[in-house]
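Line order of the protein sequences matches chains A, B and C. Residue numbers for the first sequence follow numbering that gives the first Met the number 0, beginning at 0 and rising by one. Residue numbers for the second sequence follow numbering that gives the first Met the number 0, beginning at 0 and rising by one. Residue numbers for the third sequence follow numbering that gives the first Met the number 0, beginning at 0 and rising by one. Down below is the structure, laid out as structure tokens.
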Amino acid sequence: MKSAVIVFPGSNRERDMLYALEQITGTKPQTVWHAETSLPDVDLIALPGGFSYGDYLRSGAIAARSPIIAALKAAADKGTRILGVCNGFQVLTETGILPGALMRNAGLKFVCKTVRLEIANANTDFTRAYKQGEIIDCPVSHHDGNFFIQEDGLTRLEGEGQVAVRYAEGTNPNGSLNDIAGITNAAGNVLGMMPHPENLIEDLNGGTAGRRLFESVVEAIA
Amino acid sequence: MSNAVEITPELIAEHGLKPDEYARILELTGRVPTITELGIYSAMWNEHCSYKSSKKWLRTLPTKGERVLVGPGENAGVVDIGDGDVVVFKMESHNHPSYISPVQGAATGVGGILRDVFTMGARPIAALNALRFGAPDHEKTRHIVSGVVEGVGSYGNSFGVPTVGGEVNFDPSYNGNCLVNAFAAGLAKADGIFLSEAKGVGLPIVYLGSKTGRDGIHGATMASAEFDDDSEEKRPTVQIGDPFAEKLLLEACLELMKTGAVIAIQDMGAAGLTCSAVEMGAKGNLGVELNLDMVPCREEGMTAYEMMLSESQERMLMVLDPSKQAEAEAVFEKWDLSFAVVGKTTDDLRFRVFRHGEEMANLPIKELGDEAPEYDRPSIPTPNRTPIATHDVPAPKDIGATLIDMIGSHQLSSRRWVWEQYDQLIQGNTKQGPGGDAAVVRVDGNEKKGLTFAVDVTPRYCVADPIEGGKQAVAECWRNLTATGSLPLAATDNLNFGNPEKPDIMGQLVGCIEGIGEACLALDFPIVSGNVSLYNETNGEGILPTPAIGGVGLLEDINKSMSISFKQAGEAIIVIGKTEGHLGCSTYLRDVLGRNEGTPPTVDLAAEKAHGAFVRDAIQAGRLTATHDVSDGGLLVALAKMAIAGQIGAHITPNADVPLQGWAFGEDQARYIVTLPAQAADAFLADAKAAGVPASQIGQTAQGDLKLEGSAPISLASLTQAYEGWFPTYMAAPDINE
Amino acid sequence: MKARIKVTLKNGVLDPQGKAIAHSLDQLGMSGIDDVRQGKYFEVDLSETDRTKAQATLDEVCRKLLANTVIENYTIELDGDA
């Protein structure tokens, strides 16, 4: 599987994402600088975690206005798989590729801990290696992960099975509506999520459940 | 401010210069200095930059070793870890700014230490910290804790370095002077290390990074002054950190270093442009000429004085190979950072500064830099205390209730509330984050190797007996690294003390350094970098002497590293080291009984070394399942922490030869608790005996509660609740200072 | 021309920061404060001198970057506005 990682000024988990993709797919991903205007022909485009532009206006807001975004939108429309993790998720909502917004955590503090994550829809290109309803331990690490969307939007997300992962009961770390941890677009080729599967791929991380998210995409591509 | 300002005695005093120092300035300058020159002298000669009170004693520390490539005097120490890799690390204080503005003070402290590390060519891979706050019930404490933790977290999280450990403690002596000691470590290649010593005459001096504003003017002078009640008026001097700019600066610097354009590089920390330019020139025996008109400024109309003393963050100064200038500029353009040639190296050993074509300063660079004044301040050794016998300390009425109280106290409770605000995982190499004896981080790109990190000091020991306290700080740090299975390699020290002009405080400093030196020598644990913070006093009251030691260890096989948690029921629990029940200066005596008495435990360095080597070998041979060093609170507190971490209880039989309070809460040194499969215990004990290492089995792990023979069972759930409960409950209480 | 832009959260969007401020005010004993909503304030210098054109430009600035219209509203005040 060919993949690429888009790097913005202030991205800081791009190395984690590059490492995870290389470990799991066996192929070195390409790195794409935000100032470029075209994307390579790949099967998966990843937007890594971090604090793009310091998250200074709103998380992901300035990155979402980068030159590369037009190409990203075109890729999304074309059906290319796109994965945004943490700041990458924030960028995806700011571009409008994914609905909703990620606001300051309800507790107002940065939170880095392991949460219980429920696979709310195992029938997506990113979750098919999991069982429906399966619960995994997964780290989160963010300041702005509080997912918000207006009621009609929420109804649509829930109705169409676009909620891919949810914080299991009692472990919602940020006040997200309906415990939402990650959503797909309507077509199902774009996933944005706050937790970090790329930091959960080998025994050293204390678990390997994150691998299956990437393996799902590998399987979907094949 | 033009240079025509009249130099009055008041102005000299405001710059923190003593009359004898001013007399030396007159002699060196050969005339009355300009205001810019006075500012430069005050910045270079204050305690923070010149180490004038401590230098004589710092020289006595062991700084060399087989693996030490760069020792103290550079931005950070460099230690060989094999395979062509080196670890680069240092610890530095940002105490005064953090008290005045907790969020920004702590954030820029982290920013400064990260910059020290990547200035050397290393990518930062781990951050730790030692934080000390006033009494929990002091009106300012909660506000400062909240701000400092936010600041430490916000900077490291955004920059992208995992914060993997540290210490958080409370004591009334820090009511008016919190301590924020930030540690950072980075990885580099042995042949890719960059130093600050300028080389070559007539080469361009380049300014990199963020623009200069009026931030922190005289921050370094503030860091060398005592506080009084008006200190909060000094707020405008605190700098603002921009971790986003620092992340860009990191990437730009590392990219630039690969081009071969960098001849020397120095970050702009305290007294920014002044300190960095003087240090680079003085170290290289070269003069420096700066044209301030070229310095990128954020504000209009800045004077030479302001520019020379500005502490705007995220800036670097570099001597550049002129043939690579275009290449270097392109790198900085890509990262959207300022790049400006602001001066050149000269052969006249003068430090000359120009503004609008006018010479604002012309000073001898060596005397400013490495020949700054040095004092041999009078010191009085700390008087010996009377030892206190174990049987003179009352036993607790209910040992279980006492243990729950202790583990749920501000001193010993879990710091989870703190470290959950730190990104501990970024970079994907963290095997063990905060909460264990030491952090364990994989060497990036290496299949097996790991590095371990710990920060330690016990100030209540240091105040009672500076020499033993200094030894203990080193020994505990070394022990914590050992308890993960690693070989301790080297250390950095962050010496926080009160006013060195007071002989008793100077006595504490001298004593602690003596103890640190002795322990480092005995444990083969050289000091490769460090920082001194003096004048931590408010209204004449000094802090407890707090020489924090940050250590780095090496694991050849990270898969073998040990953690503190009990792994399964039915395993043997063995204590390594002698339990004599030393209660002087213990947590039990001070915090439970409210008696600040006695002598601290003696540190037997030969025993430390032997016990540590035995434990390390056992871990590396795969014999153990858990290891924990015994420190604050003694054996029973250590056992409770192992039980809480693993959510497994234990059946323990106390040693009847020692009074129960001493057995449970005594703080004898050189001890570890280890677990191993029950059937392997006899052979292990026999091997310990053969090695001359005291070891005895005290019980076994068990499902359920923590049971002491002869006492009521102590509920694991209650212990856990007490341990995890104190911090969030304390921080959730109403705070009128927010 | 100078302009002032205020970006505020839409009604119905939870504002944890505003809530925390209101809570803190309450604990400070400042009575009579029913609610606080936190927003952002921008001062913008424009070279444009035509008010209608300036208004249109700023409207675009807000929609494109300063406000996230999923959760935020904005108001633009040009110099000379009452």
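Glycine included, each C-beta is placed from N, C-alpha and C at the ideal position. What you are looking at is a predicted structure, and each value in this text was computed from that prediction instead of being measured.
For valine 43 of chain C and lysine 1 of chain C, the gap between their C-alpha atoms comes out near 6 Å. Threonine 273 of chain B sits buried, since 16 or more C-beta atoms from the chains shown fall within 10 Å of its C-beta. Proximity of leucine 24 of chain C to chain A, defined by a Cβ-Cβ separation below 8 Å, is not satisfied. Sequence-distant partners of leucine 199 of chain A (beyond 5 residues in either direction) whose C-beta falls short of 7 Å from its own C-beta, in its chain, are Cys137, Pro138, Gly206, Thr207, Ala208 and Gly209.
For valine 69 of chain C, at least one C-beta of chain A is nearer than 8 Å to its own C-beta. The shortest CA-to-CA distance from proline 135 of chain B to any of B:Ala181, B:Asn168 and B:Asp616 is the one to B:Asn168. For methionine 102 of chain A, the uninterrupted beta strand (DSSP E) run begins and ends at 100-102, by DSSP. By the C-beta density criterion, valine 31 of chain B is exposed, having fewer than 16 other C-beta atoms within 10 angstroms.
Segment contact: the region 279-288 of chain B against the region 194-213 of chain B, three or more CB-CB distances shorter than 8 Å; contact assigned. Three or more Cβ pairs closer than 8 Å define a contact, and the region 477-490 of chain B falls short of that threshold against the region 15-31 of chain B. Look at leucine 46 of chain A here: in three-state DSSP terms it is strand.
Counting only runs of 4 or more residues that sit fully inside the region 570-645 of chain B, the alpha helix (DSSP H) segments are 604-619 and 633-645, in chain order.
At a cut-off of 8 Å, the C-beta of glutamate 596 of chain B has no neighbouring C-beta in chain A.
Around glutamine 423 of chain B, the beta-carbon contacts reaching into chain A at under 7 Å are Cys111.
If you look at serine 140 of chain A, you'll find it in the beta strand (DSSP E) that goes 134-141. By a beta-carbon distance limit of 8 Å, threonine 491 of chain B does not contact valine 531 of chain B. Their separation comes to about 12 Å.
Residue B:Val442 holds the alpha-carbon nearest to the alpha-carbon of isoleucine 124 of chain B among B:Pro372, B:Val442, B:Ser49 and B:Ala716.
Using beta-carbon distances, leucine 57 of chain C does not count as an interface residue toward chain A, since no partner is under 8 Å. Counting only unbroken stretches of 3 or more residues, the beta strand (DSSP E) elements lying wholly within the region 456-506 of chain B are 486-495, in sequence order. Distance from the CA of tyrosine 73 of chain C to the CA of lysine 130 of chain A, rounded to the nearest whole angstrom, comes to 44 Å. Annotation for leucine 82 of chain A: Ala45 and Leu190 place their beta carbon closer than 6 Å to its own, counting only its chain and skipping 5 residues before and after. Restricted to the region 19-73 of chain B, the alpha helix (DSSP H) segments that are unbroken, complete and at least 4 residues in length are 34-44, 46-49 and 54-57, listed in chain order. Counting only runs of 4+ residues, the alpha helix (DSSP H) found wholly inside the region 294-324 of chain B occupies 303-308, in chain order. Taking 3 residues as the minimum length, the beta strand (DSSP E) runs contained wholly in the region 333-402 of chain B are 337-345, 349-354 and 357-363, in order along the chain.
Distance from lysine 52 of chain C to valine 6 of chain C at the Cβ level is roughly 21 Å; contact not present, criterion being Cβ atoms closer than 8 Å.
The C-beta distance from threonine 674 of chain B to alanine 571 of chain B rounds to 7 Å, short enough to meet the 8 Å contact threshold. Residues are counted here when their Cβ sits less than 9 Å from a Cβ of chain C; for the region 89-112 of chain A these are Thr92, Glu93, Gly95, Pro98, Gly99, Ala100, Met102, Arg103, Asn104, Ala105, Gly106 and Leu107, given in chain order.
Counting only runs of 4+ residues, the alpha helix (DSSP H) found wholly inside the region 133-185 of chain B occupies 140-158, in chain order. The three-state secondary structure of proline 8 of chain B, taken from DSSP, is helix. In the pairwise beta carbon analysis, the region 249-266 of chain B is classified as not touching the region 300-312 of chain B: fewer than three pairs are separated by under 8 Å.
The beta carbons of threonine 598 of chain B and alanine 649 of chain B sit no closer together than 8 Å. Within the DSSP secondary-structure output, leucine 659 of chain B pairs in no beta bridge. Taking a Cβ-Cβ cut-off of 9 Å, the neighbours of glycine 174 of chain A in chain C comprise Leu13 and Pro15, given in sequence order. Proximity of leucine 203 of chain A to chain B, defined by a Cβ-Cβ separation below 8 Å, is satisfied. In the structure shown, valine 200 of chain B adopts coil according to DSSP, grouped into three states. Shown here for aspartate 375 of chain B: same chain residues with a beta carbon closer than 8 Å to its own, the five before and five after excluded, namely Lys55 in chain order.
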